[in-house]
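Everything on this sheet refers to the single structure shown next.
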Amino acid sequence: MKVAVQISGAPSAGPDLQELLELVARGDQDAFARVYEAVCGPVLGLVRSVLRDPAQSEEVAQEVLVEVWRTAPRFQASRGSAMNWVLTLAHHRAVDRVRSVEATTAREHRAALLDRTPEFDEVTEQVESRLEREQVRRCLRTLSELQRQSVTLAYYRGLTYREVAELLAVPLGTIKTRLRDGLIRLRDCLGVSA
Amino acid sequence: MNRVDRRSGAELHTLTGAYALHALPDAERGEFERHLGDCEACAMEVRELSETATRLGLAVSAAPPRELRDRVLREITTVRQESPSHSRRSRSALRPTGPQLAEVRTRRGCGCRCRVRRDRGVAEPGRPGRTAGGAPGTAAERAGGAGPHGPGREDEVRHAEGRGEGHGRGFAEREPGRVRDLGDGAAPSGKVYQLWFDDGGTMRSAGLMNRAATSNTVLLDGPVDGASGIGVTVEPAGGSAQPTSAPLALLTFPTA
């Protein structure tokens, strides 16, 4: 089943955000304030989904946002959307943090990971975010159970595919494949193009 | 479109999803990024899947506290931006600044092929960086090998590469006697290939290439700083503090 529905959602921030980032790259602090408004919610939400701890999440989100300022000159629109650039930064920061913290504790809440599906934070008031959330939810439902679990554990929880395999007791090769075909199905459902 | 001819190519290709989700352990991530440089189809897929992941991120958007805004906006007034945009046009803009990856191919008849991957933000948009050491026109440049906005960190790469013979020849013509066929890849018994940064004639070690069995690609070890290029020598096992033999290859980073 392929249902590509384009609700303005994410990509609508596209050109604007991109232009703003280009201004930021030239040191424009007002432009940065506008970038902040556009990306802060997604950055904080994503970081929080991986880290869980609210205080630590805020701290990492702040680091990410400052890094957006600092490294804006590196952004290249030809390589992907501005939001992609920012959220990739956020995800990597969050995952690096969670992996370094948990390397020694062997991810004690491993079991808890399975109990909880992503929160899809209800706090958000913005209509745009709500539509985005509904669309993503709908598309996640088109995935097989294993695809959905693999993708969400990897992305929202920051697990490596090896950890996902272990957690779900599924062979490594299967998880690699499910991550790929799960994302491909999501891509098609969401109508994403590069 | 490149055909993937490495043995592990097909297997690596299935990692596009894991890579886009940042779900690869570091070691595998490095290997996959090198693969991306040779597989345009993979790079395209990674870009799409990464954009897809971005949508997942947008779906969990949260309402940030007001204080966060104040803190961030205050902090940026004290944080210097990485590279002013005008530097994109400066001479030094094309110099690699991120962690560098040099690949020295040693296939018979190809001379020595080196490529340098570098931070993707430093080359001018729309103007591909030229290959290290390659005269214009002799070096095939392929930009965009490294997927999406990757991590947004220093190891994001812009990818400049000199292709096999063209590069080797171009280089040999300009620097006669300095390129040698390295045979079938293995360093002579008891020896290793060592890479060097060329700091204006002074060589600074950039690591050893002694894992030829599985990969001829190594990360240059250390910052590029002011280095004007890289060199390759054969050294006794374990490497040397300074080169003890004539370079098999010297490559100049592009400066214009």
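In the order they appear, the protein sequences are chains A and B.
The numbers in the first sequence follow the numbering used here, run straight up by one, and end at 194.
The numbers in the second sequence follow the numbering used here, run straight up by one, and end at 1256.
C-beta: ideal position from N, C-alpha, C; glycine also.
Delimiting residues of the beta strand (DSSP E) encompassing residue i
{"i": "T1233 of chain B", "result": "G1229 to P1236"}
{"i": "Q18 of chain A", "result": "Per DSSP, Q18 of chain A belongs to no beta strand (DSSP E); it is in the alpha helix (DSSP H), G14 to V24."}
{"i": "F1197 of chain B", "result": "K1191 to D1199"}
Inter-residue Cα distance where the pair is residue i and residue j
{"i": "G1037 of chain B", "j": "E1031 of chain B", "result": "10 Å"}
{"i": "Y1193 of chain B", "j": "R34 of chain A", "result": "51 Å"}
{"i": "A1140 of chain B", "j": "C1039 of chain B", "result": "With a pLDDT of only 28 at A1140 of chain B, under the threshold of 50, the placement of this residue in the model should not be trusted; the figure read from the coordinates follows. When rounded, the distance between both Cα atoms is 15 Å."}
{"i": "T1202 of chain B", "j": "H92 of chain A", "result": "37 Å"}
{"i": "F1171 of chain B", "j": "A1227 of chain B", "result": "Note that F1171 of chain B scores 29 on pLDDT, short of 50, meaning its location in the model is unreliable and no value can be drawn from it."}
{"i": "L89 of chain A", "j": "L65 of chain A", "result": "9 Å"}
{"i": "P1064 of chain B", "j": "L186 of chain A", "result": "27 Å"}
{"i": "A1023 of chain B", "j": "D188 of chain A", "result": "21 Å"}
{"i": "G80 of chain A", "j": "S1240 of chain B", "result": "42 Å"}
{"i": "A1041 of chain B", "j": "S144 of chain A", "result": "25 Å"}
{"i": "L1248 of chain B", "j": "S1061 of chain B", "result": "54 Å"}
{"i": "R99 of chain A", "j": "W1196 of chain B", "result": "33 Å"}
{"i": "C40 of chain A", "j": "R148 of chain A", "result": "26 Å"}
{"i": "L1058 of chain B", "j": "R157 of chain A", "result": "15 Å"}
{"i": "L140 of chain A", "j": "E37 of chain A", "result": "27 Å"}
{"i": "R1204 of chain B", "j": "L153 of chain A", "result": "44 Å"}
{"i": "R1034 of chain B", "j": "A1020 of chain B", "result": "15 Å"}
{"i": "D28 of chain A", "j": "L20 of chain A", "result": "9 Å"}
{"i": "A50 of chain A", "j": "A1246 of chain B", "result": "Contrary to the premise, residue 50 of chain A reads as Val rather than Ala in this sequence. In a straight line, the C-alpha of V50 of chain A is about 51 Å away from that of A1246 of chain B."}
{"i": "G1238 of chain B", "j": "D1026 of chain B", "result": "25 Å"}
{"i": "D30 of chain A", "j": "V1232 of chain B", "result": "48 Å"}
{"i": "R97 of chain A", "j": "S57 of chain A", "result": "10 Å"}
{"i": "K1191 of chain B", "j": "E1075 of chain B", "result": "51 Å"}
{"i": "V1046 of chain B", "j": "F32 of chain A", "result": "28 Å"}
{"i": "T142 of chain A", "j": "R1066 of chain B", "result": "37 Å"}
{"i": "T174 of chain A", "j": "T1016 of chain B", "result": "14 Å"}
{"i": "R138 of chain A", "j": "L1049 of chain B", "result": "18 Å"}
{"i": "R180 of chain A", "j": "R162 of chain A", "result": "14 Å"}
{"i": "V1072 of chain B", "j": "R1055 of chain B", "result": "24 Å"}
{"i": "R70 of chain A", "j": "P1236 of chain B", "result": "43 Å"}
{"i": "D1070 of chain B", "j": "Y155 of chain A", "result": "29 Å"}
Secondary structure of residue i, DSSP reduced to three states
{"i": "L1248 of chain B", "result": "coil"}
{"i": "L143 of chain A", "result": "coil"}
{"i": "V170 of chain A", "result": "coil"}
{"i": "S1240 of chain B", "result": "coil"}
{"i": "G1207 of chain B", "result": "strand"}
{"i": "T177 of chain A", "result": "helix"}
{"i": "T1014 of chain B", "result": "coil"}
{"i": "T1078 of chain B", "result": "coil"}
{"i": "T1202 of chain B", "result": "strand"}
{"i": "S1050 of chain B", "result": "helix"}
{"i": "V192 of chain A", "result": "coil"}
{"i": "L159 of chain A", "result": "coil"}
{"i": "V1060 of chain B", "result": "coil"}
{"i": "L131 of chain A", "result": "helix"}
{"i": "A1023 of chain B", "result": "coil"}
{"i": "S100 of chain A", "result": "helix"}
{"i": "S150 of chain A", "result": "helix"}
{"i": "C1039 of chain B", "result": "coil"}
{"i": "S81 of chain A", "result": "coil"}
{"i": "G182 of chain A", "result": "helix"}
Residue i burial status per 10 Å Cβ neighbour count (16 or more: buried)
{"i": "D1198 of chain B", "result": "buried"}
{"i": "A1053 of chain B", "result": "buried"}
{"i": "Q135 of chain A", "result": "buried"}
{"i": "V164 of chain A", "result": "buried"}
{"i": "A72 of chain A", "result": "buried"}
{"i": "S150 of chain A", "result": "buried"}
{"i": "P1096 of chain B", "result": "Residue placement at P1096 of chain B is flagged as unreliable, the pLDDT there being 39, under the threshold of 50; the coordinate-derived value follows with that caveat. Result: buried."}
{"i": "T1244 of chain B", "result": "exposed"}
{"i": "Q62 of chain A", "result": "buried"}
{"i": "P171 of chain A", "result": "exposed"}
{"i": "A1010 of chain B", "result": "exposed"}
{"i": "G1177 of chain B", "result": "Summary for G1177 of chain B: the model assigns pLDDT 28, below 50, so the residue's position carries little reliability; its value from the coordinates is reported in the next sentence. It counts as exposed."}
{"i": "T160 of chain A", "result": "buried"}
{"i": "A82 of chain A", "result": "buried"}
{"i": "S193 of chain A", "result": "exposed"}
{"i": "L1182 of chain B", "result": "For L1182 of chain B, the predicted structure reports a pLDDT of 40, less than 50, and the residue's modelled location is therefore unreliable. The matter cannot be settled from this model."}
Where the alpha helix (DSSP H) through residue i begins and ends
{"i": "T71 of chain A", "result": "P54 to T71"}
{"i": "R34 of chain A", "result": "Q29 to L51"}
{"i": "L1036 of chain B", "result": "D1026 to L1036"}
Contact with chain E by residue i, beta-carbon distance below 8 Å
{"i": "G1030 of chain B", "result": "Although the question refers to chain E, the structure presented lacks it and instead comprises the protein chains A and B."}
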